[in-house]
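Residue numbers (our numbering): 137 to 376.
Below is one structure, written out as structure tokens, with a few remarks after it.
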Amino acid sequence: MIDEGWHGPQDAAGVQITGADRVYEAIYQAVLERRLSPGERLREQELAEQFNVSRTLVRQALQRLAQEQVIELLHNRGARVPIPSLEDAGSVFDARRVVECEVARQLAGRLSEEQLQTLQELASSEAEADRQGEHALAIRLSGEFHQAMARMHGNPVLARWLNGLLPTTSLLMSHFKRQGGQVCVAHRHVDLIAALQKSPASAGAEMRKHLNELEQSLTATAAPRRQLRDVFQAYRDSPE
Numbered sequence: 137m138i139d140e141g142w143h144g145p146q147d148a149a150g151v152q153i154t155g156a157d158r159v160y161e162a163i164y165q166a167v168l169e170r171r172l173s174p175g176e177r178l179r180e181q182e183l184a185e186q187f188n189v190s191r192t193l194v195r196q197a198l199q200r201l202a203q204e205q206v207i208e209l210l211h212n213r214g215a216r217v218p219i220p221s222l223e224d225a226g227s228v229f230d231a232r233r234v235v236e237c238e239v240a241r242q243l244a245g246r247l248s249e250e251q252l253q254t255l256q257e258l259a260s261s262e263a264e265a266d267r268q269g270e271h272a273l274a275i276r277l278s279g280e281f282h283q284a285m286a287r288m289h290g291n292p293v294l295a296r297w298l299n300g301l302l303p304t305t306s307l308l309m310s311h312f313k314r315q316g317g318q319v320c321v322a323h324r325h326v327d328l329i330a331a332l333q334k335s336p337a338s339a340g341a342e343m344r345k346h347l348n349e350l351e352q353s354l355t356a357t358a359a360p361r362r363q364l365r366d367v368f369q370a371y372r373d374s375p376e
């Protein structure tokens with residue numbers, strides 16, 4: 137039976153999660169975790185079958201993702217994952233430096249012990265996932281580390297801006313990152329935590345150094361693509 141709404145589970149705030157939400161979250165995370173490659177086609181019928189929802193709900197999810205520039209809707213050709221150019225990296229990382237260096241500066245010396253522990257646990261889990269070869273998990277945890285800092289800052293606009301920049305960053309890293317090395321230089325997250333306990337200047341400088349390293353890891357050699365049928369295996373099964 138095709139799911140027309142699926143009002144079963146709730147998120148952490150107790151809000152009902154719809155079938156369109158599930159498709160949206162799966163595609164967002166698949167882009168963020170580099171399970172989807174730049175240029176990958178997203179066909180409504182295939183997605184509807186993968187998630188056991190109607191094409192209407194798939195279309196709703198795709199339209200929302202397109203509005204947030206996570207995917208592209210092409211006239212008469214459906215949806216696809218964007219193909220950022222290497223030149224786009226400068227704009228993306230410039231924007232991230234504006235947002236995240238300011239977040240780091242303003243958080244310096246203000247974080248509670250609980251907040252610091254949250255960041256430490258994310259950095260530790262990311263490093264462990266990378267050691268275990270669980271690269272998709274490491275990528276997700278890396279993004280969560282940056283998102284957690286933005287949430288701790290408390291400005292929802294900055295958090296939304298960062299959420300919009302992370303998928304494009306992942307596409308750039310998927311397409312142009314040199315082979316080998318950690319996903320987000322996990323030791324830099326540890327260094328960031330240390331800097332956040334010092335001065336605003338130290339925290340801002342450490343964040344800039346971290347983002348600069350990510351940008352400098354890009355190269356013009358594109359990475360190979362994965363098979364689409366394998367991409368959504370971790371997301372498509374809905375809980376009963």
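Just so it is clear, CB atoms sit at the ideal spot from N, CA and C, and this is done for glycine as well.
Everything numeric in this text was worked out from a predicted model, so none of it was measured.
Discussion item. When you compare the region 288-306 with the region 216-228, are there three or more beta-carbon pairs, one atom per stretch, that lie closer than 8 Å?
Written reply: yes
Item to complete: Measure the beta-carbon distance from residue 259 to residue 332 and round it to whole angstroms, keeping in mind my assumption that it falls under 8 Å.
Response: Not confirmed; about 12 Å, so no contact.
Fill in: the region 174-188 touching the region 214-221, judged by at least three CB pairs closer than 8 Å
The region 174-188 is in contact with the region 214-221.
Discussion item. Suppose the cutoff is 7 Å on Cβ atoms and the five residues either side in sequence are ignored; what does the same chain contact list for residue 137 look like?
Written reply: In this predicted model, residue 137 has a pLDDT of only 39, less than 50, meaning its place in the structure is not dependable; the value taken from the coordinates is given anyway. If we look at residue 137 and ignore the five residues flanking it on each side, it has no Cβ neighbours.
Fill in: Assigned secondary structure, residue 206 (DSSP; H/G/I helix, E/B strand, else coil)
coil
Worksheet item: What is the DSSP secondary structure of residue 245, reduced to helix, strand or coil?
Response: coil
Discussion item. With H, G and I counted as helix, E and B as strand and the rest as coil, what does DSSP make of residue 154?
Written reply: coil
Worksheet entry | Spatial distance of residue 271 from residue 265 (CA atoms) | 7 Å
Discussion item. Which runs of the alpha helix (DSSP H) at least 4 residues long sit entirely within the region 247-309? Give them in chain order.
Written reply: 249-267 and 271-289
Worksheet entry | residue 178 (DSSP reduced to helix, strand or coil) | strand
Worksheet item: In angstroms, rounded to a whole number, what distance separates the CA positions of residue 313 and residue 191?
Response: 34 Å
Item to complete: Indicate, with yes or no, if the ligand GDP has a heavy atom lying under 7 Å from the CB of residue 200.
Response: Among the components modelled here there is no ligand, and therefore nothing to report on the ligand GDP.
Worksheet entry | Extent of the continuous beta strand (DSSP E) run through residue 216 | Element bounds for residue 216: 214-216.
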